[in-house]
Amino acid sequence: MSEITRSTAATLAEGLAAGDHTSVQLTEAHLDRIDAVDGAVHAFLQVDRDGALADAAESDARRARGEARGPLDGVPIAVKDVLATKGLATTCGSKILEGWIPPYDATVVSRLREAGLPILGKTNMDEFAMGSSTEHSAYGPTRNPWDLDRIPGGSGGGSAAAVAAFEAPLAIGTDTGGSIRQPGAVTGTVGVKPTYGGVSRYGLVALANSLDQAGPVTRTVLDAAMLHDVIGGHDPRDSTSIQQEWPSFTEAARAGSVGDMSGVKVGVITELAGEGWQAGVMARFQESVDLLVRAGAEVVEVSCPSFVHALATYYLILPAEASSNLAKFDAMRYGLRVTPDGDPSAEEVMRATRDAGFGDEVKRRIILGTYALSSGYYDAYYGQAQKIRTLISRDFDAAFAGVDVLVSPTAPTTAFRLGEKLDDPMAMYLNDLATIPANLAGVPGISVPNGLADEDGLPSGFQVLAPALADDRVYRVGAALEALHADQWGGPLLDRAPGLETK
Amino acid sequence: MPEISRDEVAHLAMLARIDLSDAELDHLAPQLSVILESVASINGVAGDDVPPTSHALPLTNVFREDVVVPGLTAEEALSGAPAVEDQRFSVPRILGEEA
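Heads up: the sequence lines are chains A and B, in that order.
According to my numbering, the stretch in the first sequence is residues 299 to 801, in order.
According to my numbering, the stretch in the second sequence is residues 2 to 100, in order.
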């Protein structure tokens, strides 16, 4: 593996600025790495070799003219297949969108292009982002680079595995209930869910509109911050986009990386521990809390009593929104059309298409959502869930009145084996226990690598949550913990990942 | 909390416009019961005095200036269509036999 693919995006950016390498060289190195390992990892649904190299050549030409568009101009990136890319197939991991080529770019994708980042390809995901293991992709699972028999998390397992396997220095993910952060935890990488409204949702194929948020998937906190600076900010095409100036997250990450936590009040969430939490995950978490204390943080325990209802609340709100959103896949305007024999009506075509085009998990959630929204059950399920959403937001408000950030392990366990929970939906849903509250309340969160669990030698994650709009805090504290870990471990966690066989 | 029966799942599938096979109904109905039983735990947790939240952050409706901005061309809009006729989406008959 070349030095290029092991480098952080920030280092690659410096090298481009210094003239040590070209964007074409960086892009070729990553495309070669994809060729060598992606047969086994399957992080990508599609690799756009020609497009990426053309973008890279343009970037090099711009830089030669002294017109580089920003620090990341020329640094390649992978994009989750739930974001529309003009001219590049966008499937959402579903058969119903197989081969669909969007006629427009998502705003996040436009911003990547404007900033000059060559797009390597589209990454694998659970179908329509429904899942925590990437096993629900209609195109086959992605495998965890730490152990190819295990899941890479989900729904954004492709993006996380791509950066963990050094196939891309940067990737974009989306997080509705943990789909950026939980894959980050189980692959030893960094993932950030920004404040709801901080990054445009235009062109992001909606799973649950009130919860979805795109964000960075990287190997370091600084890289995530630099990427967030590129993709974030107000977009008039998204009515929920926040209209305000954001501070530089790059600066926040740089400030945090000195590892000084003095004056920072940290709350440990009582409810995100106990039964069902793997001992090795909890042990590493406690050690990191102790590290923060030694670095000057003041740590208190904070109770958020409504969080115990977050999972149930989420699994009513999400299917309700998803069943409405996915109604647009009706076989009429784009995507798959299955025509039964005879002279079928539009409705019969719709029913046959949706049966053939959607996988099990999507069907489960559409039916659950249809149930939750049906008259007679609406008040008991959906109405009640919306009220509990209020209680969860109030818990966050009360907690942040006393502390600057809240922390927990990102996921209750390390990566499980492929197939282990595939037919047990409730067991699968429990993976998102710690990440869901942030989506319900719209607050930002980061997962940073948190060492290996003793039982299985697999990565765990440390989650930092901040009040809405205070995304800079997750970068500051995340970068501080990352620096403290690097001192302790003598290098990044991914240095300890077993090498992948290359072909 | 009521268990969800196989017939109810079949009815919901019809409402959601998904043809589920018998095998799928057998498979999905018990799983949905387990999920519903589990999410039913929220019943009665929030009292009548708690307002519902539909979006986590306060939202106001957004208008833009009433000016023309470029949109998709007809060709672009039709580019993913399963069937096209005369620059329009071509769809199966809408009305049933009995209509």
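Just so it is clear, CB atoms sit at the ideal spot from N, CA and C, and this is done for glycine as well.
Treat the numbers as computed from the prediction; the structure is a model and nothing was measured.
Original post:
Looking at Lys378/A and Met423/A, is the spacing between their C-beta atoms short of 8 Å?
Top reply: Their beta carbons are under 8 Å apart, which means Met423/A touches Lys378/A by this criterion.
Review point. Is the shortest distance between the beta-carbon of Pro642/A and the beta-carbons of chain B less than 8 Å?
Key: Closer than 8 Å: yes.
Under 9 Å Cβ-Cβ, which residues of chain B neighbour His840/A?
-> In this structure chain A extends from 299 to 801, so residue 840/A is not present and cannot be described.
To the nearest angstrom, how far is it from the Cα of Phe547/A to the Cα of Ile540/A? 16 Å
Check for me: the alpha helix (DSSP H) holding Pro31/B runs from which residue to which?
23–40
Among the residues of its own chain, which have a CB less than 7 Å from the CB of Ser91/B, if the five just before and after it don't count? Around Ser91/B, the same chain offers Ala84, Val85 as residues with beta carbons nearer than 7 Å, after the five sequence neighbours per side are excluded.
Discussion item. My assumption, with CB atoms under 8 Å, is that Arg331/A sits in contact with Thr303/A. Please give the rounded CB distance.
Written reply: 5 Å
- prompt: Can you find at least 3 beta carbon pairs, one from the region 364–384 of chain A and one from the region 407–414 of chain A, that sit closer than 8 Å?
  reply: yes
Practice problem: Provide the residue(s) that pair with Asn442/A in DSSP beta bridges, ordered along the chain. | Solution: Looking at the DSSP assignment, Asn442/A forms a beta bridge with Asp445/A.
**Study point:** Counted within 10 angstroms of its Cβ, other Cβ atoms place Gly700/A as buried (16 or more) or exposed
**Key:** exposed
Item to complete: Identify the contact partners of Trp544/A in chain B, using a Cβ-Cβ distance below 9 Å as the criterion.
Response: Chain B residues near Trp544/A: none, gap ~15 Å exceeds 9 Å.
ask   = With a Cβ-Cβ cutoff of 8 Å, do Ala553/A and Arg367/A count as a contact?
value = no
* For Gln541/A, three-class secondary structure by DSSP -> coil
Just verifying my parser: in three-state terms, what is the DSSP assignment at Thr421/A?
strand
> Taking only beta-carbon atoms, is Met726/A less than 8 Å away from chain B?
Replying inline: It does not: the Cβ of Met726/A has no partner Cβ on chain B nearer than 8 Å.
Near Ala282/A, what residues of its chain come up, given a Cβ to Cβ distance below 7 Å and the 5 sequence neighbours on each side ignored?
Since the displayed chain A opens at 299 and closes at 801, residue 282/A lies outside it and no answer follows.
Taking the alpha-carbon positions, what's the Ala512/A to Asp641/A distance?
-> As the crow flies, the alpha-carbon of Ala512/A is around 43 Å from that of Asp641/A.
If I follow the unbroken alpha helix (DSSP H) through Gln584/A, where does it start and stop? 577–592
Practice task
Taking Gln32/B as the reference, give the member of Leu763/A, Met726/A, Thr688/A with the closest Cα.
Solution key: When each option's Cα is compared against that of Gln32/B, the closest is Met726/A.
*From Ala24/B to Val746/A, what distance separates their C-alpha atoms?*
One C-alpha to the other measures close to 43 Å.
Starting from Gly749/A, trace the beta strand (DSSP E) in both directions and tell me its first and last residue. 743–750 is the span of the beta strand (DSSP E), which, as asked, contains Gly749/A.
Give me the DSSP bridge partner(s) of Ser643/A.
Arg94/B
*asked:* Going by C-alpha to C-alpha distance, which of Ala436/A, Arg582/A, Gly313/A, Asp358/A sits closest to Gln786/A?
replied: Arg582/A
Quick check: the Cα distance between Met2/B and Tyr680/A, rounded to an integer number of angstroms? Residue confidence for Met2/B is low, a pLDDT of 48 falling below 50, so the modelled location carries little weight; the figure read from the coordinates is stated next. Roughly 15 Å separates the two Cα atoms.
Would you call Glu780/A buried or exposed, if buried means 16 or more other Cβ atoms sit within 10 Å of its Cβ?
buried
- Message: I need the boundaries of the alpha helix (DSSP H) containing Ala618/A, first residue and last residue.
- Response: 608–623
For chain A, check one thing: does any of its Cβ atoms lie closer than 8 Å to the Cβ of Ser34/B? no
Whose C-alpha, out of Ser508/A, Val488/A, Leu395/A, is nearest the C-alpha of Thr631/A? For clarity, residue 631/A is Arg in the given sequence; the question names Thr instead. For Arg631/A, the nearest C-alpha among the options comes from Leu395/A.
Check the Cβ of Ser453/A against every Cβ in chain B and list those closer than 8 Å, keeping chain order.
-> The CB of Ser453/A never comes closer than 8 Å to any CB in chain B; the least such distance is about 18 Å.
Practice item. List the residues of chain A that Asp20/B touches, going by C-beta distances under 7 Å, in chain order. Key: Arg649, Ala650, Asp653, listed in chain order.
* Can you list, in chain order, the stretches of the beta strand (DSSP E) that have 3 or more residues and sit fully within the region 483–546 of chain A? -> 488–491, 512–516
- Query: What in chain B is Cβ-close to Gln684/A, meaning under 7 Å?
  - Reply: Pro53, Thr54, Ser55
Original post:
In the DSSP assignment, what are the bridge partners of Pro723/A?
Top reply: According to DSSP, which records beta bridges pairwise, Pro723/A is partnered with nothing at all.
Practice task
Go to Ser321/A, then tell me how far its alpha helix (DSSP H) extends in each direction, as first and last residue.
Solution key: Element bounds for Ser321/A: 321–339.
Residue-level contact to chain B via CB, Leu386/A, 8 Å cutoff:
no
If you follow the beta strand (DSSP E) that Val598/A is in, where does it begin and where does it stop?
In this chain, the beta strand (DSSP E) harbouring Val598/A covers 596–600.
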